[in-house]
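In this note's numbering, the protein residues as written are 2 to 87. Here a beta-carbon is modelled for each residue, glycine too, at the ideal position from N, C-alpha and C.
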């Protein structure tokens with residue numbers, strides 16, 4: 002059982018974050034969603050808001066607008082139409 006997630010945050014311009022995290026809170030199209038290690042497989046559309054990635058060094062925050070989030074095998078992939086560090 003793993004206690005961390007592998008997280009990627011990708012926009013059309015660049016990779017904004019790639020690393021490990023204890024959790025992710027994302028602005029799904031219908032409200033916020035929290036992802037912890039061992040989460041069931043999931044794919045959802047993203048809305049507009051703040052994506053929070055809880056790393057051991059602290060919280061990384063990104064403003065996102067649209068795209069999708071995928072969770073599979075303790076990997077979280079966020080592919081967004083627009084993103085920037087918040």
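Going by DSSP, what residue range makes up the beta strand (DSSP E) through residue i?
i	result
residue 58	Taken as a continuous stretch (DSSP letters only), residue 58 belongs to no beta strand (DSSP E), as it is neither H nor E.
residue 14	Where residue 14 is concerned, there is no enclosing beta strand (DSSP E), given that its DSSP letter is neither H nor E.
residue 28	24-29
residue 44	43-46
Per DSSP, what kind of secondary structure is residue i in: helix, strand or coil?
i	result
residue 87	coil
residue 8	strand
residue 70	strand
How big is the Cα-Cα spacing for residue i and residue j?
i	j	result
residue 34	residue 13	23 Å
residue 30	residue 78	16 Å
residue 63	residue 48	13 Å
residue 43	residue 57	24 Å
residue 22	residue 7	6 Å
residue 74	residue 83	26 Å
Assuming residue i and residue j form a contact by the criterion Cβ under 8 Å, report the distance between their Cβ atoms to the nearest whole angstrom.
i	j	result
residue 26	residue 53	4 Å
Considering Cα atoms alone, identify which of the options is closest to residue i.
i	options	result
residue 19	38, 76 and 37	76
residue 38	60, 24 and 59	24
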